[in-house]
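J.: Encoded as structure tokens, here's the structure I'll be asking about.
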Amino acid sequence: MEAIWGIGGTDQHHYPTLNEDISADAVVIGAGITGITTALQLADAGMDVVVLEALAVGQGGTGGSTGNLYSTVARGLAPLRKTWDDATIRDVVNARALAIDHIEALVERFGIDCQFHRRVLYHIAKAEDKQILETLDAEREAMRCAGLEVKSAEDAMLPFQMTHGLKIEGQAQFNPLRYVQGLARAVSQQSVRIFEGSPVREVKYPQGVVVTDKATVTAHHIIHATHTPKGINLLHASLLPSREYGIGVKLNSGAYPEGIFFVHDPFHSLRSYRHGDEHYLVVIGEQHKTGEGQADAAYFERLHAYISEHFDVESIAYRWSNQQYSPADGLPYIGRMHGKDNAYLATGFAADGLTWGSLAGMIIADLVTRRDSPWRTHFDSSRFDSRRFTPGKSAMNWARENASVTKHLAKDYLGTRNLKELADVSPGQGKVMTLKGEKLAIYMSHDGELSVLSAVCPHMKCLVHWNGAETSWDCPCHGSRFDIQGEVIEGPAYHPLARREQPH
Ligand code: FES
């Protein structure tokens, strides 16, 4: 699986693995848009910064995103109004608009070739569904309350029988991978030290030490920019991890619509992307909770079928997936880590991570440097504070989250079938089995080789589930994901799934 953003080669620069103990003013864990933006802001303030990345720059959530930048939020401002007041909604929109301006300024400052363009954002309903129409009406009202100029979407170039639509102008699109790689190259030339292939295994907060496989970084400030904070954190109970799928298709017609399209039928996100003479339509959808994917795992096929109803699809050229962490009360958590003077985090970006991540980099850098933040004149940062706890506002979601986690803890341990036949595992598939009283995650390769791992997630002991669409072991509790060797792909777990002897 490969996301479209790597098309034609990218600005990938290879950074070394951390092999010796070093120190710095600040260490940033994660080299996606949040981490690299934070590193840039800190370096601009004169700090000595180290960035640690488990994979490669931009290859996590940033490289799997849509490349859409908008001042609203993908799932709508109207749902936010159920929890937050109108002043907060305005602050959200203003802050996100400023973050987009900041991205545009950085593209210019460093001459990053990432195809940044201002675009129109459309919300479209193509079904005569009362609920969908009410959703769009509520969104129109929420946008107006936030100070946005909302217009009719009659000019949307979609081959849909559109029943209802609205648009806002001045939003943007880019290639997120090329952007973050370009920004990483720029910060590395400004003295920021970036290390790839250096997964963090432990953070010793009192000593300010971050431990990787081969060496450590000692720093005054530790910033978690890993989509969700590593290790055990109270916030994990307030975050709903989910997966969403994307395809990049070629069209026979050659007519690719320009803009950001949120289609409510149910929700799909569409955009086009051009690289040289190559043009593609990007389709995003089929969201489900992490670890609860359907058995047939036919998400890409369903996206293909959906878009083929409306467009003359020639072929699928790209397919990929991404993870989201949705916050219980609708707003991300950005700021100091609860109970830690020297640690910061940014998480809960839902489907809107590129803009939130950029904003988070600026907020965290202001907190670390204790400077008078220019952002304070635009919004009240306490609304994004990672230490906020709003049981009244988030009680419903919070209860649902915990019910979900509890369900998995109980059902997975008590209810997994006591399978005795390893032949139940098909080639290319995995299964959780109980063998000799232990829960095992067993995968059979297409050559018949078995990989046998403990099915117990090393984060907080939930059981992982097989993800056939992406050939991974996914934990439904807080979203940790592991490859078939057990290595951490993403999520809060520091350590891999434990290897086990092949059962006889
Ligand atoms: Fe928390 Fe697995 S991610 S228990």
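Quick note: to get my numbering, add 105 to the position in the sequence shown (first position is 1). A virtual CB, placed ideally from N, CA and C, is assigned to each residue, including glycine. Just so we're clear, the structure is a prediction, and the values are computed from it rather than from any experiment.
Should Pro597 be counted as a contact of the ligand FES given a C-beta to heavy atom distance under 7 Å?
T.: yes
J.: Since I believe Val212 is in contact with Ser176 (beta carbons under 8 Å), could you give me their beta-carbon distance rounded to a whole number of angstroms?
T.: Contact between Ser176 and Val212 is absent: CB atoms are separated by about 17 Å, not below the 8 Å threshold.
J.: At which residues does the alpha helix (DSSP H) containing Ser463 begin and terminate?
T.: It spans Gly458 to Thr474 - the alpha helix (DSSP H) in which Ser463 sits, taken as one unbroken run.
J.: From which residue to which residue does the alpha helix (DSSP H) around Asn199 run?
T.: First-last of the alpha helix (DSSP H) with Asn199: Asp191 to Phe215.
J.: For the ligand FES, any of its heavy atoms closer than 7 Å to the Cβ of Lys566?
T.: yes
J.: Beta-carbon within less than 6 Å of Arg180's beta-carbon, same chain only, minus the 5 sequence neighbours each way: which residues are those?
T.: none
J.: Who pairs with Thr539 in a beta bridge, going by DSSP?
T.: Lys544
J.: Starting from Leu345 and walking both ways along the beta strand (DSSP E), at which residues does that stretch end?
T.: That run of the beta strand (DSSP E) goes Leu344 to Leu356.
J.: Considering only the beta carbon of each residue, do Lys335 and His329 sit closer than 8 Å?
T.: yes
J.: Check Glu107 in the structure and name its three-state DSSP category.
T.: strand
J.: Any heavy atom of the ligand FES closer than 7 Å to the CB of Cys580?
T.: yes
J.: Kindly examine the ligand FES and report whether one of its heavy atoms sits closer than 7 Å to the Cβ of Cys583.
T.: Per the sequence presented here, residue 583 reads as His, with Cys not at that position. Yes, the Cβ of His583 comes within 7 Å of a heavy atom of the ligand FES.
J.: What separation, rounded to the nearest whole angstrom, lies between the Cα atoms of Asp126 and Gly151?
T.: 22 Å
J.: Contact between the stretch 315-324 and the stretch 582-594: three or more CB pairs below 8 Å?
T.: no
J.: The ligand FES heavy atoms versus the CB of Cys250: any closer than 7 Å?
T.: no
J.: Between which two residues does the alpha helix (DSSP H) carrying Thr139 extend?
T.: Ile138 to Asp149
J.: Classify Glu244 as buried or exposed, calling it buried when 16 or more other Cβ atoms lie within 10 Å of its own Cβ.
T.: So Glu244 counts as buried.
J.: How many angstroms separate the CA atom of Asn422 from the CA atom of His369?
T.: In the sequence as displayed, the identity of residue 422 is Ala instead of Asn. Ala422 and His369: Cα-Cα distance of roughly 25 Å.
J.: To which residues of the same chain is Leu344 closer than 8 Å at the C-beta, ignoring the five residues directly before and after it?
T.: Thr333, Tyr430, Ser431, Pro432, Ala433, Thr452, Gly453, Glu506, His583 and Gly584
J.: Of all the beta strand (DSSP E) runs that stay within the bounds of the stretch 230-316, which reach a length of 3 or more residues?
T.: Listed in chain order, the beta strand (DSSP E) elements of length 3 or more contained wholly in the stretch 230-316 are 269-278, 298-300 and 305-309.
J.: Using three-state DSSP, classify His118 as helix, strand or coil.
T.: coil
J.: Rounded to the nearest angstrom, what separates Ala515 and Asp579 at their Cα positions?
T.: In this predicted model, Ala515 has a pLDDT of only 45, less than 50, meaning its place in the structure is not dependable enough to derive any value.
J.: Work out the CA separation of Gly302 and Arg604 for me, nearest whole Å.
T.: 21 Å
J.: Over what stretch of residues does the beta strand (DSSP E) that includes His325 continue unbroken?
T.: Thr321 to His329
J.: With a threshold of 7 Å (Cβ to nearest heavy atom), would His651 be considered close to the ligand FES?
T.: The requested residue 651 is not part of the displayed model; the chain covers only 106 to 609.
J.: In or out: Arg476 buried (at least 16 other Cβ within 10 Å) or exposed?
T.: exposed
J.: Verify the contact flag: His341, CB atom, against every heavy atom of the ligand FES, threshold strictly below 7 Å.
T.: yes
J.: Checking the sheet assignment: what are the DSSP bridge partners for Gln399?
T.: Gln399 is not bridged to any residue.
J.: Cβ of Cys562 within 7 Å of any heavy atom in the ligand FES?
T.: Cys562 has its Cβ nearer than 7 Å to a heavy atom of the ligand FES.
J.: May I have a chain-ordered list of the alpha helix (DSSP H) segments no shorter than 4 residues that lie completely inside the stretch 363-432?
T.: 404-413
J.: What is the rounded straight-line gap between the Cα of Gln534 and the Cα of Ser577?
T.: 10 Å
J.: By the 10 Å Cβ neighbour count, where 16 or more other Cβ atoms means buried, how is Asp190 classified, buried or exposed?
T.: exposed
J.: Determine the direct distance from the alpha carbon of Glu383 to that of Thr317, and round the result to whole angstroms.
T.: 40 Å
J.: Rounded to whole angstroms, how far is the Cβ of Val418 from the Cβ of Val354, which I believe are closer than 8 Å?
T.: 5 Å
J.: Near Met106, which residues of its chain fall below 6 Å by C-beta distance, leaving aside the five closest residues on each side in sequence?
T.: Arg424 and Trp425
J.: On the three-pair Cβ rule with 8 Å, is the stretch 250-269 touching the stretch 281-297?
T.: no
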